[in-house]
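J.: Protein chains in written order, with numbering that gives the first Met the number 0: chain A, 0 to 372; chain B, 0 to 165.
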Amino acid sequence: MSTLRNVAIVGFAQLPVVARDEHRISTEMLYPVVRQALADCGVERDAIDYQIAGSVDYMDGRPFGFVSALDVMGSWPPRQDLHLEMDAAFCAYYAWLRMQTGDCDSALVVGHGKTSEGEPDRVLNLQLDPYYQAPIGLDPTSSCALQASAYMARTGATDTDLAAIAARNRAAGARNSDNQVRSAASATELQKTPWAVEPLRKGYLPPVGESATCMILAAEGKAEKLCDRPVWIHGTDHRTEMQTLGARDLSRSASAKLAGEKALAMAGLSRASDADVVELYATTPVEELIVCEALGLDAKAARPVINPSGGPLCAHPIMSTGLVRMGEIFRQLSGRAGDRAVANARRGIAHAMQGHCLQQNLVWVLGTERRWS
Amino acid sequence: MNEPPQEPVKYVESKVYLPYDYIAGDYKARYLAALKDKRILGSKCSQTGKVFVPPLICSPESFAPCTEFVDVPDRGVITTFCTVNIPVIGRDIELPYVAASVALDGAAISIFALIQECKPADVRMGMRVEAVWRPDGERHGDHQDILYFRPTGEPDERPESYINRL
Numbered sequence: 000m001s002t003l004r005n006v007a008i009v010g011f012a013q014l015p016v017v018a019r020d021e022h023r024i025s026t027e028m029l030y031p032v033v034r035q036a037l038a039d040c041g042v043e044r045d046a047i048d049y050q051i052a053g054s055v056d057y058m059d060g061r062p063f064g065f066v067s068a069l070d071v072m073g074s075w076p077p078r079q080d081l082h083l084e085m086d087a088a089f090c091a092y093y094a095w096l097r098m099q100t101g102d103c104d105s106a107l108v109v110g111h112g113k114t115s116e117g118e119p120d121r122v123l124n125l126q127l128d129p130y131y132q133a134p135i136g137l138d139p140t141s142s143c144a145l146q147a148s149a150y151m152a153r154t155g156a157t158d159t160d161l162a163a164i165a166a167r168n169r170a171a172g173a174r175n176s177d178n179q180v181r182s183a184a185s186a187t188e189l190q191k192t193p194w195a196v197e198p199l200r201k202g203y204l205p206p207v208g209e210s211a212t213c214m215i216l217a218a219e220g221k222a223e224k225l226c227d228r229p230v231w232i233h234g235t236d237h238r239t240e241m242q243t244l245g246a247r248d249l250s251r252s253a254s255a256k257l258a259g260e261k262a263l264a265m266a267g268l269s270r271a272s273d274a275d276v277v278e279l280y281a282t283t284p285v286e287e288l289i290v291c292e293a294l295g296l297d298a299k300a301a302r303p304v305i306n307p308s309g310g311p312l313c314a315h316p317i318m319s320t321g322l323v324r325m326g327e328i329f330r331q332l333s334g335r336a337g338d339r340a341v342a343n344a345r346r347g348i349a350h351a352m353q354g355h356c357l358q359q360n361l362v363w364v365l366g367t368e369r370r371w372s
Numbered sequence: 000m001n002e003p004p005q006e007p008v009k010y011v012e013s014k015v016y017l018p019y020d021y022i023a024g025d026y027k028a029r030y031l032a033a034l035k036d037k038r039i040l041g042s043k044c045s046q047t048g049k050v051f052v053p054p055l056i057c058s059p060e061s062f063a064p065c066t067e068f069v070d071v072p073d074r075g076v077i078t079t080f081c082t083v084n085i086p087v088i089g090r091d092i093e094l095p096y097v098a099a100s101v102a103l104d105g106a107a108i109s110i111f112a113l114i115q116e117c118k119p120a121d122v123r124m125g126m127r128v129e130a131v132w133r134p135d136g137e138r139h140g141d142h143q144d145i146l147y148f149r150p151t152g153e154p155d156e157r158p159e160s161y162i163n164r165l
């Protein structure tokens, strides 16, 4: 008998991603989303034990901005709370860990960040070391391009391959009303877009935007009361690797590979392709190819369906992009995916990453049935 | 030009430049715009009726939405204060001066305020104060539109009236 607890996603809400919400500050975007997630579960705030938020104050430039989020998370009477300067998917991981220790049965996980108020490229440059990497002005696009060159040199992948991946995401994303970019684009069209940083074209880059997201997690016993079709966590793992780009094989993701293996083992699966649907936090086609390789997936195969939401190439609300991947699998497996539903989806994989060139990777294996009896 | 440094490199100067372009948000935008007209806006909790100044989207206490905006008077009570004896960057005020929390009449929480037109030693909790506004035509819809608060001369309030509005 396993000592792990069954924990499920029981609710998810997000604002449609936009480039800039002129009318709402971060807290004003977050409040309706928290209300909606709770309303979908049919409970008031008091029903949830624990809360955790993912945001970075550098993003919207308000010192202790994460503290102001407490006002709209329902933090009275005093709650157990934590804040991570990471994508909210990593907050979900932390909440899952807390539930494994048995000290809470339910958790509110939120992600927020006004990317339009600051300059994300400048902020994300600060993730690099201040001596060698940050001063030369590396931003996520240029570090992704370094990675793309390394991957293309090793595998022989071409510009056409990248365009095909981007086109698949864009076609799928046109059906998702939460996306910032909702127009399909053919591979031919995308291959005509100018270089951003060669070998990456503008058409292969994500539209950075802003949103607010809220997920509710609950352990067995409580989950069934909050949701008619909970989506159970079968396995999860989080791995990180070196910050120094030059010390890693940028053409591969060792941490995604290991996290995938561990998460699949926890889920009792031998291979990732046993999933029906996969959502990847890949901000470029090359990241998608690298993560697919690491997880043992074929990016061109019809099944599992990869990124039915359109993926980060159609909406990239920094701090929530990873949680949206989990939210999409929740929608797919709980009958909430509408006209983009993947037929007979019973098992899914959600992936989240942080840092330059896939430095940190988090893998979730999710299913419609309880994992442990 | 390209000679090696004579002294070992001990420090790296690394300047961080992060520009921001803030929006006020609907609630604060309405609050700031109203200051131009010498009005102070609060938002009202739909559950408890408590009024928050500046306006909040929801009550941090009840978690219920604050959907209604209400005017509050530009006068209230000093709930707590301190006497500042050191210069503060960006503030050119004769020392010492009093910085106070002022709960405006009808508001459930207090705002920060500069107290002038009285000796710091005369300021006390419970003292009634009123706003002194910038003259007409000089208000821009920001917090500087209220120059400071000054004593009204009314009798002090009793602690019960403001102790939960600090």
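Backbone N, C-alpha and C fix where the C-beta goes; we use that ideal spot for every residue, glycine too.
Anyone know if the C-beta pair for valine 131 of chain B and isoleucine 114 of chain B falls short of 7 Å?
T.: Going by C-beta atoms, valine 131 of chain B is not nearer than 7 Å to isoleucine 114 of chain B.
J.: With 7 Å as the limit, tell me which residues of the segment 20-43 of chain A have their beta carbon closer than that to any beta carbon of chain B; keep them in chain order.
T.: Those residues of the segment 20-43 of chain A that come within reach of chain B (Cβ to Cβ, closer than 7 Å) are Glu21, His22, Arg23, Ile24, Thr26, Glu27 and Tyr30.
J.: Beta carbons nearer than 9 Å to chain A: which residues of the segment 43-74 of chain B have them?
T.: Residues Leu55, Ile56, Cys57, Ser58, Pro59, Glu60, Ser61, Phe62 and Pro64.
J.: Starting from glutamine 50 of chain A, trace the beta strand (DSSP E) both ways and give me its first and last residue.
T.: Segment 49-53, the beta strand (DSSP E) holding glutamine 50 of chain A.
J.: Assess, as a yes-or-no matter, whether the segment 283-303 of chain A is touched by the segment 58-65 of chain A under the definition of 3 or more beta carbon pairs within less than 8 Å.
T.: Touching, no, given that fewer than three Cβ pairs across the two stretches are closer than 8 Å.
J.: Mind checking which residues open and close the beta strand (DSSP E) that includes isoleucine 230 of chain A?
T.: It is worth fixing the name first, because residue 230 of chain A is valine in this sequence and not isoleucine. Per DSSP, valine 230 of chain A belongs to the beta strand (DSSP E) from 230-239.
J.: Going by beta-carbon coordinates alone, are histidine 233 of chain A and leucine 279 of chain A separated by less than 7 Å?
T.: Taking 7 Å as the Cβ cut-off, histidine 233 of chain A and leucine 279 of chain A do not qualify as a contacting pair.
J.: Going by the CB atoms, is the gap between glutamate 116 of chain A and tyrosine 147 of chain B shorter than 7 Å?
T.: The answer is no: Cβ separation not under 7 Å.
J.: List the residues of chain A that leucine 17 of chain B touches, going by C-beta distances under 9 Å, in chain order.
T.: Tyr57, Gly60, Gly117, Glu118, Arg121, Val122 and Leu125, listed in chain order.
J.: Flag cysteine 226 of chain A as yes when its Cβ comes closer than 6 Å to any non-hydrogen atom of the ligand SAH, and as no otherwise.
T.: Here there are no bound small molecules, and the ligand SAH is not part of this structure.
J.: For lysine 221 of chain A, which three-state DSSP category applies?
T.: Coil at lysine 221 of chain A, not helix or strand.
J.: Can a CB atom of chain A be found closer than 7 Å to the CB of isoleucine 22 of chain B?
T.: For isoleucine 22 of chain B, the answer is yes, since a Cβ of chain A falls inside 7 Å of its Cβ.
J.: DSSP on glutamate 327 of chain A, reduced to helix/strand/coil?
T.: In the structure shown, glutamate 327 of chain A sits in a helix (DSSP, three-state: H, G or I).
J.: Look at leucine 365 of chain A and isoleucine 328 of chain A and say whether their C-beta atoms are less than 7 Å apart.
T.: Yes, they are a contact pair.
J.: Under DSSP, the alpha helix (DSSP H) around glutamate 156 of chain B begins and ends at which residues?
T.: First-last for glutamate 156 of chain B: undefined, no H or E at that position.
J.: Which value, in whole angstroms, describes the spacing of the CA atoms of proline 53 of chain B and arginine 335 of chain A?
T.: If I take the Cα positions, the gap works out to 39 Å.
J.: What do you reckon, are the CB atoms on alanine 184 of chain A and proline 307 of chain A nearer than 7 Å?
T.: Not a contact, by the Cβ cut-off of 7 Å.
J.: List the residues that DSSP assigns as beta-bridge partners of phenylalanine 51 of chain B.
T.: Answer is B/Ser42.
J.: Helix, strand or coil for cysteine 356 of chain A, going by three-state DSSP, please let me know.
T.: Of the three classes helix, strand and coil, the one that applies to cysteine 356 of chain A here is coil, per DSSP.
J.: For the segment 72-96 of chain A, which residues have a beta carbon sitting closer than 8 Å to at least one beta carbon of chain B?
T.: Hits within the stretch, in order: Gly73, Ser74 and Trp75.
J.: Hey, would you say alanine 195 of chain A sits closer than 7 Å to leucine 204 of chain A, going by beta carbons?
T.: It is a contact, given that the beta carbons lie within the stated cut-off.
J.: Applying the criterion that 16 or more other CB atoms from any shown protein chain within 10 Å of the CB defines a buried residue, is phenylalanine 111 of chain B buried or exposed?
T.: Label assigned to phenylalanine 111 of chain B: exposed.
J.: Please determine if the segment 239-252 of chain A and the segment 147-155 of chain A are in contact, where contact requires at least 3 C-beta pairs separated by less than 8 Å.
T.: Yes, the segment 239-252 of chain A touches the segment 147-155 of chain A.
J.: Do the segment 17-34 of chain B and the segment 32-39 of chain A meet, that is, are 3 or more Cβ pairs less than 8 Å apart?
T.: Verdict: no, contact absent.
J.: Give the DSSP-derived three-state secondary structure of cysteine 57 of chain B in the structure shown.
T.: Residue state, collapsed to three classes: strand.
J.: Under a CB-based cut-off of 7 Å, is proline 193 of chain A close to chain B?
T.: For proline 193 of chain A, the answer is no, since every Cβ of chain B falls outside 7 Å of its Cβ.
J.: Going by alpha carbons, who is nearest to aspartate 120 of chain A out of A/Gly337, A/Pro206, A/Val285 and A/Ala274?
T.: Out of A/Gly337, A/Pro206, A/Val285 and A/Ala274, A/Pro206 has the C-alpha closest to the C-alpha of aspartate 120 of chain A.
J.: In this structure, how does DSSP classify alanine 12 of chain A when only helix, strand and coil are distinguished?
T.: Reduced to three states, the DSSP call for alanine 12 of chain A is strand.
J.: Enumerate in chain order the residues of its own chain whose CB-to-CB distance from serine 54 of chain A is below 6 Å, with the five nearest sequence positions on each side excluded.
T.: Phe65, His111, Gly112 and Met318, listed in sequence order.
J.: Using a Cβ-Cβ cut-off of less than 9 Å, list which residues of the segment 127-154 of chain A approach chain B; keep chain order.
T.: Here the close residues are Pro129, Tyr130, Ala133 and Pro134.
J.: In its own chain, which residues sit with a C-beta less than 6 Å from the C-beta of glutamine 50 of chain A, not counting the 5 before and 5 after it?
T.: Correct list, in chain order: Met72, Arg78, Asp80 and Leu107.
J.: Is the Cβ-Cβ distance between aspartate 338 of chain A and arginine 174 of chain A less than 7 Å?
T.: Against a cut-off of 7 Å, the Cβ pair of arginine 174 of chain A and aspartate 338 of chain A comes out as a contact.
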